[in-house]
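Participant:
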Amino acid sequence: MFKVSKEFSFDMAHLLDGHDGKCQNLHGHTYKLQVEVCGNLYASGAKQGMVIDFSDLKSIVKRAVLDPMDHAFIYDQTSERESKIATLLQQLDSKTFGVPFRTTAEQLAQFIYRRLKDEENLPVSAIRLWETPTSFCEYEE
């Protein structure tokens, strides 16, 4: 079994409604995302000797994660406060992305994992999501 990884970077704003620290305020991060996939090597064909073509991996992650989330305000749809902010931003033609959970690094990593594995059928083995250059979350099943 082989594991290969590709890293991506994207910017996103959020807040944590009800948090007891400064993250209760609207702020942004430059996230670093590492997507790890595992599998056996293709035995023949154009992709012989690969687990996945890195350009295929890049296209999938771009479509499923980066396009909808990069430079967006990601918000918890179950939070009245965050939903109000999102509604205002939408009225101002700003990009938003709603999820049904609190937008912590932990829950975002799990969300990205599930989105890639379940919706894109990618053989993801781990997601690593850095919220800052020194703080990251890893999610795997």
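Letter 4 of the sequence shown, counting from 1, is numbered 340 in the working numbering, and no numbers are missing.
Even for Gly, the Cβ is constructed at its ideal location relative to N, Cα and C.
For a test of the three-state rule: what should DSSP assign to E476, helix, strand or coil?
Facilitator: If you number the sequence shown from 1, residue 476 lands on position 140. DSSP places E476 in coil when its eight states are reduced to three.
Participant: Select from M337, E476, F344, V340 the residue whose C-alpha is nearest the C-alpha of E467.
Facilitator: As a first step, residue 467 must be located in the sequence shown, where it is residue number 131. Nearest C-alpha to E467: F344.
Participant: Looking at H350: is its Cβ nearer than 7 Å to the Cβ of T414?
Facilitator: Within the sequence shown, numbered from 1, the residue matching residue 350 stands at position 14. Within the sequence shown, numbered from 1, the residue matching residue 414 stands at position 78. No. Outside cutoff.
Participant: Taking the continuous alpha helix (DSSP H) assigned at R417, which residues delimit it?
Facilitator: Here residue 417 corresponds to residue number 81 of the sequence shown, with the count starting at 1. Residues 416-427.
Participant: If you drop the 5 nearest sequence neighbours on each side, which residues of the same chain put their C-beta closer than 6 Å to that of C473?
Facilitator: Start at 1 with the first residue of the sequence shown, and residue 473 comes out as number 137. So the list reads A441, E442, A445, L465, once near-sequence residues are dropped.
Participant: Going by C-alpha distance, which of V460, S380, H407 is nearest L425?
Facilitator: The residue given as residue 425 occupies position 89 in the sequence shown. Of V460, S380, H407, the residue nearest in Cα terms is H407.
Participant: Residues in its own chain within less than 6 Å of K453 by CB, not counting five upstream and five downstream?
Facilitator: As a position in the sequence shown, residue 453 is number 117, starting the count at 1. Result list for K453: V460, in chain order.
Participant: Please report how far the alpha carbon of D356 lies from the alpha carbon of V373, in whole angstroms.
Facilitator: Numbered from 1 along the sequence shown, position 20 holds the residue referred to as residue 356. Numbered from 1 along the sequence shown, position 37 holds the residue referred to as residue 373. Taking the straight line from one Cα to the other gives about 36 Å.
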